[in-house]
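Asks: Chains as they are written, first to last, in the working numbering: chain H, 1 to 349; chain X, 1 to 349; chain Y, 1 to 612; chain D, 1 to 612.
Before we start, here is the structure in question, set down as structure tokens.
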Ligand SMILES: Cc1ncc(C[n+]2csc(CCOP(=O)(O)OP(=O)(O)O)c2C)c(N)n1
Ligand SMILES: Cc1ncc(C[n+]2csc(CCOP(=O)(O)OP(=O)(O)O)c2C)c(N)n1
Ligand code: SF4
Ligand code: SF4
Ligand SMILES: [Mg+2]
Ligand SMILES: [Mg+2]
């Protein structure tokens, strides 16, 4: 039985199993070695709890990571895994995805790994729409190398390498991905198991590249970077969770909402605006997705979570296989004929 | 006399001259070696005609390029120049810009050089807002390596490396740059001397990174890629030249215009819409700039030219120098004191 | 006809003209004629670094040299016997190579004042005495071509463009070549433009007839077919042979191939060729850069395909970190380096052998990789198959060091019987009971290849040091030392054939050792000095790492070991270090293959020195 | 008090605990005390690859070893005389290194059932006989610390965290160390949290008093100050000394420095340190990757600054293409490689010397670069200054090969007089009349450094082959050959001091040759075998390319040359190839420095073998 039966495009071609799986089945025998309190733990647990629900054969799941604290992730998953080199996981995973339609390939990467050294592979993977699920653990710091600022750190950040404050304007990873033609972009908080699970599920079900930014706390080198989103009260005012097709409201009882402002978006009190002025999320509208990404400011005044964008377009790996299949169907693989080519001559001994 | 006198932020700190300069002064003694009819010639000529108008000392202008046909550009300019390695010009130019406030540094690059191998340096340069003017010669092909498809080639492109058609979804360089936090993005056609000159001037005057995409014809490997924009009639229907602060109208007598559609933009007949519905270009509105970039489709049904975005934010090099200056002002450069540090002990001989 | 026909055993012809003059095509066609006729042959194209340098300039000159003979030859020839110069630039750039008495055929139409000045001729060499020492034939090729095509109604400019076929016709006549092939070829090539096809055929015939009917040429020449080994031959370039070798590796291993690559001169043609053969289960991915290219290849290998990446020197520099990962993860990977002139961007269209030490050592840490180098264009096929064998059998990245001369040169190739090709089938690990990610085959020291999707073999690999057997991360000092030595031992233990020494007389005291594309010139030089009565032994290395087991013994047998290389002595360094043999370098780094003649002199001097 | 005081000439102490236990700080402070006291000393920290491996586990153990003595010592010591173990994991991981009779001080509080099981102790080693052969002191450090801080009102957990200072106090008492420095340090360090400062001071005193008042310790020890050369000293790590050397290069050359870099263990601290010294006209750019880092450095050099880039092995692999560009453009550039365990990601926090051949050869084409390696932490200062001299004077990238041991190790440093440092001033080209981009200084073969902004010198450089003198692009074969040899000759001709051989007796027949951080253990081993009456000569190379001019002569003087390296014999390969000397390798690749003891055995065996 293969997942194609389930009609889930993102899982097409990946063998499924009827065996009951639990989170435990996805725990490897390797001791988890993150710092106490690291956000990576929760993401790992969420992933281990979530995967059984896909019903895939475990051996057909692969985690490929780069280098960084978060990139140790594959060791802890009882699946196949490769802990590769810094920034190159998307490229390696592309090779794997192209050659193997029967695998569910996940990339685990950090803000340094994906956006600093690996930025180019990331944007090319997204534009190609390779069938990979890319989890970007954004702790806004280089954890593994002990605390230098990263491409998502706020301007002026004081770190070991920037004692006078960092100078770089940070990336907005969602804006960058959208500018790079990403067909799926989502965001979730490490601590929000339900929200993260929902985004992971949609990513898994999406055919093509799915980038999921996960805000992850690094208690050692950037503690509390996302605390304002974890404080229950603040979270109500700041977290804008979007659902495709639904009006964008947030707050405890939806007391806030998102409305248009110029070519962009603004936040308003639901009470102050006409219900019809509330923007309805449409994950297929790139301009809206982009505007939502800008609503998510670096200082976390507001943070959009959920799925910003989902668009259907052919994936690179499916198309590459289709070309090979078409070539095979059209022309026999006759090596001798190939070697002879058109122009030969024969010497008689 | 320095350009700061002129009050042009992009040229602040670069020595100017009262000597009269002509295009000829900017021609080097090297023979130009592009193919006959190559669009690079016109861009070169335009640049040589344009530069005298800045009134800078020639020796304070530097062109840094990567590798590609277009990257031969520096050889032909009677300025300083470095023909570096593939994709790395933005990084090298960043080092130069950081260390030398008195230089006008231009980067010349191609669609392969900038967007394929050099994609990461490009997006990081843009987000950092290094004071560089980056000219991206987009001929939608790899010229120098004799005709493979590039990251801006249309899907399905038949080239030497893709006899069955390319599979990659192309980048929209303007969208990518905007997603990467670019503070200035413009576009022009090689053949449009006036338009190109205008964008070049605005780029030069901008303080920070300025990315200028130049549609450039490669008659050998991708001839006619932009022909629809060069046919006078077609051009009227397709080219949307935007000017900051002005309503976006185009066509021979402005018979077409741009209006809002959902979160994006659409083209309409000016006659069919209310004048007040015509979008007024605002280069400081990122969402509008992004929407304009999406209006520019790969098939050139419409192509926006001019300056998409211009925003003021601190440049990396200025800030880096400011930090050094502040440190110098705050603390004497006393090497002996540094070497001694806090904890010393003395052995008496 | 009053023409005399002389028999020759070999001829070297060089066609030279502007990049736009179609010299490569002309040369290719003459080559095909020679091949069809049964000569042995070797060719060497030479084109400018610019796509289209300005017309009529020196940098814009493109040339094609071919050597054909009635016996087996080894090189495209040191210098032309016949030079065809289509314009003053071509003359100026090439005439220095023409020996005294050589035949010079010049297209006079281009010798205008303007064109002459462009390349710095003060006076017209066709009119002064500067060409006196050659047999000069002045032919108004453009005029004659245009004349011949008058009837066709083709514009003058289009007509003139067929003048290369005029030249080809003339030379075909001079050398008694068969002509049907070319006519057929032209009709096929321009099938969509029948008028152009006809024009070219007409020009070709006009050239032939010009020779036949004018009395300008007193002599024609015959080069008899060569007595080659029996079998079916074709002409092949090194890059094509490399691509075919990879196709063969796919077939013989029954594995899909994934080529992850980024275009770069002179390696791009491997991508171009392979992209045509998807029907052999070959996927080609043009990546965003070299690092992604090799990453994709390695990812594919991890998935159970044969991952291949192709590039030239600067690309190898970029790939080195990932090659290290492949060393650590012990996965099969074929890394092709078509060497070009360096350092840095260097001379992109020229040849060189200066990446050997980069291939050996260009990675952090102790990171050994096998190295295989082909010795001629057609040898690329067998050599790359052997490289694939090593990669698959030993689970290791393998460096394949081709070069610009081999890649673009061509020669006849005795097409092998497909069934005689080595069997490259491998077994994937499948047994969860016994599986350990870093257990080793006792013979090869290879670890198991356990591809994702195999039930029960879930495991994790990566770039951190691995514990022996389990493959878990290990920081244990002894384990690290052990693993470093195991990885080295695996490479050192790779089975490679003994090196065969060519010393017909058995009396040589001097051994010349070469590797890669210098095989032809060294072999030809050895033949020449032997003809002079000076015995010399020649050993040519296909395997640079590990070296053949008998190499030390071989080296020590001779009084003198000389190592000609197109670098500053890289193989010599390895031989000296490993065998403590006073191997002496002869080096030339001109971006050009050695000439048999110069090596002949070098060898003769050394041999005489030793006997003296 | 009944304690006896013994005099010792040297002691090695190792503090070991959980990563969270503050062992690095404890070690650092003890080091400062020893330094303040006037001992010679050397240190070696050792920390896990994980940021915070799970508490109480073996991978989570962090340790700091220091060696202090009353004479000049060369290494941090092979094995500890005293081991302080803060928990079962620390004990388990380190006790193997403690020699019989060694002093073992254990924090008993952590020896709970759970903690013991975590590291695989079946029974409590403090209660069985497994530690019998040591002098074991069981101290409930946590309990005692908490007790001592009861008054402070600090929570138990916070109080307990000061137990490392308790340990430091106890050891300070045992070795009669001065204490004011530490108390001052703690007050400064925790200036913003005075209660924590006070707690640490109290804990420190409690440890001291515990020694003083309990009768648990019968003996204390004194190690007299060392008779070092006169002058002012400080303690310094290799990375700090490297950073200071770069600051000094900026000052002595009067040039700004631009460091373009990307963080990587164990090189990041060079960035961290330099980023603090902007007042010396130093700009540090944390780039997006290693390639950008070196690109930025090269761009800055082009602009007339001293461009510097710092990394470790995998980063060098990535930088290799750009190093090639620097070779071709002949611009000054300092490339710092703090070597770590490889291949691939390898053992990131461990040391190794396995990048030598990568540094030599890891680029396409003939691409020679000078290589300089420091021999100890403090030597980094002078060595990197010398590397800067070569870069600036010869206009070339220079590879500086530090390593993890040197980078993180520390030792006293005789602070040089600033005015005695070499003058590194260079002259930029300014004269349009005589300027040629690739003309050469007849002495150094350096080309002019013509920075943008200089009127009349507009010119273009790049990665394509250059015409000699003019620097124009040239595809000319002879020119290429000439330029390849010129670039090589420039590097070969760099002036480096002769190597000095240390052979006090003058009777050695065996020469041991080392490079880089093995200086200490080799030197110490040489001293030891000499004490055994076995003469041995020691030559240590700072310059790996070019080699000192007298090296060949030196090598040939000895019956036997032995080359210990933390790799598989990379220097040995170069020596054998260049000098045809049968240099024998002794290699260990464990991610750890050599021990003097093991080298002593190796040398003694070789010496005996030679005399036999
Ligand atoms: C080629 C290379 N360069 C640099 C490093 C050092 N390095 C390892 S991880 C890392 C950044 C980690 O940051 P991030 O990706 O944000 O991961 P985190 O540790 O925060 O999860 C760096 C610079 C490396 N391992 N390899
Ligand atoms: C490291 C490296 N990889 C590959 C190449 C080969 N290469 C040179 S230019 C180029 C692409 C050129 O395309 P583009 O940037 O679009 O420039 P164009 O020639 O079209 O102006 C490639 C692949 C190289 N020189 N160096
Ligand atoms: S350093 Fe930060 S990101 Fe890394 S494991 Fe520790 S807490 Fe997590
Ligand atoms: S190949 Fe194309 S881009 Fe390159 S020089 Fe020729 S026409 Fe211009
Ligand atoms: Mg991070
Ligand atoms: Mg292009």
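Even for Gly, the Cβ is constructed at its ideal location relative to N, Cα and C.
On a predicted model such as this, the values are computed, not experimentally measured, just so you know.
Taking CB distances under 8 Å as the criterion, tell me whether residue 154 of chain H reaches chain X.
Replies: The sequence position of residue 154 of chain H within the first chain is 154, counting from 1. Not closer than 8 Å to any Cβ of chain X, the Cβ of residue 154 of chain H fails to qualify, so no.
Asks: Taking its Cβ as the centre, do 16 or more other Cβ atoms sit within 10 Å of residue 184 of chain Y, making it buried, or is it exposed?
Replies: Walking along the third chain from the start, residue 184 of chain Y turns up at place 184. Exposed is the label assigned to residue 184 of chain Y, since fewer than 16 other Cβ atoms lie within 10 Å of its Cβ.
Asks: When every heavy atom of ligand 6 is checked, does at least one fall within less than 7 Å of the C-beta of residue 139 of chain X?
Replies: Counting from 1 along the second chain, the entry for residue 139 of chain X is found at position 139. Because some heavy atom of ligand 6 lies under 7 Å away, the Cβ of residue 139 of chain X counts as near it: yes.
Asks: Please list, in chain order, the residues of the region 268-294 of chain X that have any C-beta partner in chain H closer than 7 Å.
Replies: 285, 286, 287, 288, 290, 291, 294
Asks: Would you call the CB atoms of residue 640 of chain D and residue 320 of chain D closer than 8 Å?
Replies: The requested residue 640 of chain D does not occur in the structure, where chain D is confined to residues 1 to 612.
Asks: Spell out the partners DSSP gives residue 87 of chain D in its beta bridges.
Replies: Looking up residue 87 of chain D in the fourth chain gives position 87. None; residue 87 of chain D has no bridge partner.
Asks: If we define contact as Cβ-Cβ less than 8 Å, is residue 62 of chain Y a contact residue for chain X?
Replies: Numbered from 1 along the third chain, position 62 holds the residue referred to as residue 62 of chain Y. No, residue 62 of chain Y lies away from the interface with chain X (no Cβ there is under 8 Å from its Cβ).
Asks: Looking at chain X, is there any beta carbon in it that lies within less than 8 Å of the beta carbon of residue 367 of chain D?
Replies: The residue you call residue 367 of chain D lines up with position 367 of the fourth chain. No, no contact with chain X.
Asks: Per DSSP, what kind of secondary structure is residue 274 of chain X in: helix, strand or coil?
Replies: Reading the second chain from its first residue, position 274 is the one you call residue 274 of chain X. Coil at residue 274 of chain X, not helix or strand.
Asks: I need the straight-line Cα distance from residue 229 of chain X to residue 158 of chain X, nearest angstrom please.
Replies: Stepping through the second chain from its first residue, residue 229 of chain X is reached at position 229. Stepping through the second chain from its first residue, residue 158 of chain X is reached at position 158. Cα to Cα, residue 229 of chain X sits roughly 22 Å from residue 158 of chain X.
Asks: Indicate whether the contact test is met: 3 or more Cβ pairs, each with one atom in the region 507-515 of chain D and one in the region 470-478 of chain D, closer than 8 Å.
Replies: no
Asks: Using 8 Å as the threshold, is the C-beta distance between residue 302 of chain X and residue 240 of chain X below it?
Replies: Against the second chain, residue 302 of chain X aligns to sequence position 302. Against the second chain, residue 240 of chain X aligns to sequence position 240. Yes, these two residues count as a Cβ contact at 8 Å.
Asks: Return yes when at least one heavy atom of ligand 4 lies under 7 Å from the C-beta of residue 520 of chain Y, else no.
Replies: The sequence position of residue 520 of chain Y within the third chain is 520, counting from 1. Not under cutoff, so the answer is no.
Asks: In this structure, does DSSP put residue 612 of chain D in helix, strand or coil?
Replies: Within the fourth chain, numbered from 1, the residue matching residue 612 of chain D stands at position 612. Residue 612 of chain D falls in the coil class under three-state DSSP.
Asks: Give me, in chain order, the residues of the same chain whose beta-carbon lies closer than 6 Å to that of residue 1 of chain D; leave out the 5 immediate sequence neighbours on both sides.
Replies: Within the fourth chain, the letter at position 1 stands for residue 1 of chain D. For residue 1 of chain D, the predicted model reports a pLDDT of 46, less than 50, meaning its position is unreliable; a value from the coordinates is still stated below. Excluding positions up to five away in sequence, the list is empty.
Asks: Thinking just about the alpha-carbon of each residue, which of Y:256, Y:276, Y:240, Y:288 is nearest to the one in residue 263 of chain Y?
Replies: Here residue 263 of chain Y refers to the residue found at position 263 of the third chain. Measuring from the Cα of residue 263 of chain Y, the nearest candidate turns out to be Y:288.
Asks: Mind pulling the chain Y residues with CB within less than 7 Å of residue 144 of chain X?
Replies: Position 144 of the second chain holds residue 144 of chain X. Those are 51, listed as they occur along chain Y.
Asks: Using only CA atoms, which one of D:213, D:21, D:387, D:57 lies nearest to residue 332 of chain D?
Replies: Residue 332 of chain D sits at position 332 when you count from the first residue of the fourth chain. Ranking the options by Cα distance to residue 332 of chain D, first place goes to D:387.
Asks: Starting from the N-terminal side, write out each stretch of the beta strand (DSSP E) that is 3 residues or longer and does not extend beyond the region 363-427 of chain D.
Replies: 397-403, 410-414
Asks: Identify every run of the beta strand (DSSP E) within the region 272-358 of chain D, keeping only runs that are complete inside it and at least 3 residues long; order them along the chain.
Replies: 282-286, 306-311, 333-339
Asks: Would you say residue 264 of chain Y faces chain X, with C-beta separation under 8 Å as the test?
Replies: The residue labelled residue 264 of chain Y in the question sits at position 264 within the third chain. Interface residue, yes.
Asks: Does the beta carbon of residue 39 of chain X fall short of 7 Å from some heavy atom of ligand 6?
Replies: Counting from 1 along the second chain, the entry for residue 39 of chain X is found at position 39. The answer is no for residue 39 of chain X.
Asks: Taking residue 146 of chain H as the reference, give the member of D:445, D:73, D:566, D:271 with the closest Cα.
Replies: Taking the first chain and counting its residues from 1, the one referred to as residue 146 of chain H is at position 146. Checking every option, the nearest Cα to that of residue 146 of chain H belongs to D:271.
Asks: Can you give the beta carbon distance from residue 84 of chain D to residue 167 of chain D, rounded, assuming they're within the 8 Å contact cut?
Replies: Against the fourth chain, residue 84 of chain D aligns to sequence position 84. Against the fourth chain, residue 167 of chain D aligns to sequence position 167. With a Cβ gap of about 5 Å, residue 84 of chain D and residue 167 of chain D count as contacting.
Asks: Could you check the C-alpha separation between residue 607 of chain Y and residue 510 of chain Y for me, to the nearest Å?
Replies: The sequence position of residue 607 of chain Y within the third chain is 607, counting from 1. The sequence position of residue 510 of chain Y within the third chain is 510, counting from 1. Residue 607 of chain Y and residue 510 of chain Y: Cα-Cα distance of roughly 6 Å.
Asks: According to the neighbour-count rule (16 or more other Cβ atoms, all chains shown, within 10 Å of its Cβ), is residue 329 of chain H buried or exposed?
Replies: Walking along the first chain from the start, residue 329 of chain H turns up at place 329. That one is exposed.
Asks: Is there a C-beta anywhere in chain Y that falls below 8 Å from the one on residue 591 of chain D?
Replies: As a working note, residue 591 of chain D is residue 591 in the fourth chain. Closer than 8 Å: yes.
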